[in-house]
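Residue numbers (my numbering): 671 to 824. Here's the structure, in structure tokens; my notes come after.
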């Protein structure tokens, strides 16, 4: 059974602009190659890249979100730990996520993994662990409003 889980999305408009520039470059490249329908081909390449990268790169993030929405918090914690570890080991993937995962979010995947794990801990009534994790998140990401307000509510 899926539950209503609060979700926040904040857009990095600079990253969005970079993606539009990338799409424009694709259109120009297809036009230079002599394609009659450059915009269509560019759009298809863009969509394949966007959906493919979003599907395959943050695999544990997606699995964690699915488990979280289904109320399987223990499993969600496992996947968010794996996601945080992956994006710690390959921080460049997270730093350049506008091109590596075609994501325009202001929040990086590691940051999201930490707050989602903390949320899962709260759902399991492990509040002290969640509080420590929110505090860790604020140390690493001082502008994270999710962690800030979660700590205020605790």
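C-beta atoms are modelled at their ideal positions from N, C-alpha and C, and glycine is treated no differently.
* Grouping DSSP H, G and I as helix and E and B as strand, with all else coil, what is residue 703? -> coil
* **Which of helix, strand or coil DSSP assigns to residue 753** => helix
* **Length-filtered (3 minimum) beta strand (DSSP E) runs lying within the stretch 707 to 758** => none
* Inspect the CB distances between the stretch 775 to 790 and the stretch 735 to 754 and report whether three or more fall short of 8 Å. => yes
* Since residue 782 is in the alpha helix (DSSP H), which residue starts that stretch and which ends it? -> 779 to 793
* Report, in whole angstroms, the separation of the C-beta atoms of residue 780 and residue 766, which I expect to be a contact under 8 Å. => The Cβ separation is near 13 Å, so there is no contact.
* To do: Would you give the residue range spanned by the alpha helix (DSSP H) that residue 768 belongs to?
  => 767 to 770
* Asked: If we ignore side chains and look at the alpha-carbon of each, how far apart do residue 669 and residue 803 end up?
  -> With the chain covering 671 to 824 only, the question about residue 669 has no answer from this structure.
* Out of 774, 720, 751, which has the shortest C-alpha to C-alpha gap to residue 688? -> 774
* Whole-angstrom distance between residue 735 and residue 672, CA atom to CA atom -> Here the model assigns residue 672 a pLDDT of 48, short of 50, so the residue's position is not dependable, and the following value carries that caveat. Approximately 11 Å between the Cα atoms of the pair.
* **Buried or exposed (CB count within 10 angstroms, at least 16 for buried), residue 810** => exposed
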